[in-house]
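What follows is one structure encoded as structure tokens, with my remarks underneath.
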Amino acid sequence: MKYTCIFIALSLISTITIAQEFSSSMSEARSSYKSGNLDDARFALEQAMHTLDQEIGKEILKVLPTSLQGAEYKSDEDNVVGTNLGFAGLFVDRNYYADEKSATIQIIGDSPLMAGINAILALPNFVTSGDSDQKRIKVDGYKALLTKNTRDDGVESFSLQIPANATLITLECLGYSEAQVTTMANQIPVTQVVKLAQ
Amino acid sequence: MKARSLIVILFLIGISFSGQSQSLLNKLKQKGEDKLIKKTVDTVFGEDDNSGTTNNPSSPTSSGTTNTKGSGLIIEPPDVVKNIGEAETAFGTKNYSSAKYALRQAMVGIEMEIGESILKSLPTSVDGLQMDPDADKVTSMNYGFVGLTMERRYSGKDKELQVTIGNNSALLGAVNMMISGGAYASSSTEQNYKQTTFKGYRSVIQYDESSGYTLSVPFGQSSIMVVNGINYESEPAIMSAAENFDIEKIKSELGEK
Chain A
0 MKYTCIFIAL SLISTITIAQ EFSSSMSEAR SSYKSGNLDD ARFALEQAMH TLDQEIGKEI
60 LKVLPTSLQG AEYKSDEDNV VGTNLGFAGL FVDRNYYADE KSATIQIIGD SPLMAGINAI
120 LALPNFVTSG DSDQKRIKVD GYKALLTKNT RDDGVESFSL QIPANATLIT LECLGYSEAQ
180 VTTMANQIPV TQVVKLAQ
Chain B
0 MKARSLIVIL FLIGISFSGQ SQSLLNKLKQ KGEDKLIKKT VDTVFGEDDN SGTTNNPSSP
60 TSSGTTNTKG SGLIIEPPDV VKNIGEAETA FGTKNYSSAK YALRQAMVGI EMEIGESILK
120 SLPTSVDGLQ MDPDADKVTS MNYGFVGLTM ERRYSGKDKE LQVTIGNNSA LLGAVNMMIS
180 GGAYASSSTE QNYKQTTFKG YRSVIQYDES SGYTLSVPFG QSSIMVVNGI NYESEPAIMS
240 AAENFDIEKI KSELGEK
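Each protein sequence line maps, in turn, to chains A and B.
Per numbering that gives the first Met the number 0, the first sequence starts with residue 0, numbered consecutively.
Per numbering that gives the first Met the number 0, the second sequence starts with residue 0, numbered consecutively.
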């Protein structure tokens, strides 16, 4: 009970701080713009975008599953970065562990990799069927690209990429079978994540 | 195995035949539509039905109707103050998607104003060539690889000069690093590019038989100026024309250090 109260209090403080940061950046942008200082106005808006991306990232983490096929997430490894570098505005990742198995969900907003993956997904099925390590599946109604990688020591890993609008969701799994990876993928609320990230 | 191959071949022949018949049907349909359009046009303009030529320069669309009206899009930069207000309201109601959209619009609005201001500061004539006001262009992608770009074209007689300024793009930062890292340093006497210095900035000049001389000058943290000259006689001639652009002023307007 005590810990729950502390957690709620910390979350509240964090939200208030983010709201204050956003509000401060917006005020600065408005005043700089009105005084004709366009470059400072642009910088303040970039800061506001960075803050907004962080808030969006936190909302995305709230809807991501806390366990996947028995693997539990590590809350201290949850990561949200609003990079504001142009090519990766939003970056969120969550890691899951179970003995020697592990999984990671990564979400990148405004991803430059989108075009490449979408191009592969748009190809007719017979063109991609030549690569036995790559196949297309559907997750929450979205087309996704599943790739199997085999290390030198024979350990298999899977990478699933789901492009949606300007967002790329990636699920990396180590030590799981293809069927398990598909089940894990279906635990990701893709529609909700895409709605938040867009 | 043989039976399977046979099925595949028959299937492919089927697709091919259905494709051909579909294409034939489309051609017939198109011919029918073309005749109908011609008849309608001839009726309206009183042309002779048997005159085999047409003077209409615009080509009809696939539906057969040619666009003859419309004055294009109303292009106005987004209202910055309005979008800042909308972003604040949307953030307050936790509608983050709308907040992001409004923020991007506000940034596009500001970048368009920065671009317009820089274009205004550029010379109206360079090396005897006059600017083409219709070719002035400001593009703001706000995010992605492009960032903010401004273009101006000067032309006269058989010569043409185009200046493009790019800013705030991740890609430009990479180009800057490549040049300052010596990626374009001269290594051969036959190559069509070389490193040079423009007003104290390390730059690259290239020559191509079809596109002429191109001088690329990266500056600041993520900006670049590219000057492309067509039909310039020599490297000193294009360098002298490029001297007309005040890179320090552009740098200052972009807020670059």
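Beta carbons: idealized from backbone N, C-alpha and C, even for Gly.
Here Ser31/A is buried, its C-beta having at least 16 other C-beta atoms within 10 Å. Note on Lys99/B: 16 or more other CB atoms within 10 angstroms of its CB, so buried under the neighbour-count rule. Within the region 131 to 161 of chain A, not one residue has a Cβ closer than 9 Å to any Cβ of chain B. Your pair Lys256/B and Gly219/B checks out as a contact, with CB atoms roughly 6 Å apart and the cut at 8 Å. Looking at the backbone, the Cα of Val80/A and that of Ser215/B are separated by about 33 Å. Taking C-beta atoms as the reference points, Asn164/A and Gln186/A fail to come closer than 8 Å. Taking 8 Å as the upper bound for CB-CB distance, Gln68/A and Thr182/A are in contact here, some 6 Å apart. Out of Asp152/A, Ile55/A, Ile59/A and Thr103/A, the CA that lies nearest to the CA of Glu76/A is found in Thr103/A. In the three-state DSSP reduction, Arg103/B falls in the helix class (H, G or I). One Cα belongs to Gly35/A, the other to Leu167/A, and the distance between them is close to 37 Å. Against chain A, the beta carbon of Tyr95/B has neighbours under 8 Å at Leu51, Glu54, Ile55, Glu58 and Leu195, listed in chain order. Cβ-Cβ distances below 6 Å link Leu159/A to Ala143, Leu145, Leu170 and Ala184 in the same chain, with the five nearest sequence neighbours on each side left out; the list follows chain order.
In the three-state reduction of the DSSP assignment, Ser23/A falls in the helix class, which pools H, G and I. Using a 10 angstroms sphere on the CB of Asp98/A, the tally of other CB atoms stays under 16, which defines it as exposed. Gln53/A sits in a helix when the DSSP states are folded into three classes. Residue burial is scored here from C-beta neighbours: Ser222/B has at least 16 other C-beta atoms within 10 angstroms and is therefore classed as buried. Bounds of the beta strand (DSSP E) holding Gln160/A are Glu155 to Ala163. The distance from the Cβ of Arg151/B to that of Leu118/B is about 6 Å, consistent with a contact at the 8 Å cut-off. The beta carbon of Ile113/B sits closer than 8 Å to some beta carbon of chain A.
Going by DSSP, Thr123/B is part of no beta strand (DSSP E) at all; its letter is neither H nor E. Taken in chain order, the complete beta strand (DSSP E) segments of 3 residues or longer contained in the region 197 to 248 of chain B are 200 to 207, 211 to 218 and 222 to 229. Contacts with chain B at 8 Å (Cβ-Cβ) include Phe21/A.
Cβ-Cβ separation between Met25/A and Ala47/A: approximately 5 Å, consistent with a contact (criterion under 8 Å). A straight line joining the alpha-carbon of Pro188/A with that of Leu63/A spans about 7 Å. Exclusion of the five residues before and after Ile109/B leaves Val79 as the residues of its chain whose Cβ lies within less than 7 Å of its Cβ.
With contacts defined as CB atoms closer than 8 Å, Thr65/A and Asp139/A fail to qualify as a contacting pair.
For Gly91/B, the enclosing alpha helix (DSSP H) stretches over residues Val79 to Gly91. Burial check for Glu112/B: the Cβ neighbour count within 10 Å reaches 16 or more, so the residue is buried.
Identification of chain A residues near Glu110/B by a Cβ-Cβ cut-off of 9 Å yields Leu37 and Arg41, ordered along the chain. Taking the Cα of Leu60/A as reference, the smallest distance to any Cα among Glu71/A, Ala43/A and Asn78/A is reached at Asn78/A.
Bridge partners of Gly155/B according to DSSP: Lys158/B. A straight line joining the alpha-carbon of Leu147/B with that of Gly165/B spans about 6 Å.
For the region 220 to 248 of chain B, the set of residues with a beta-carbon nearer than 8 Å to any beta-carbon of chain A is empty. With a threshold of 8 Å between beta carbons, Val162/B makes no contact with chain A.
Straight-line spacing of the CA atoms in Lys68/B and Ser62/B works out to 16 Å. A residue is called buried once 16 or more other Cβ atoms fall within 10 Å of its Cβ, and Ser202/B is buried on that count.
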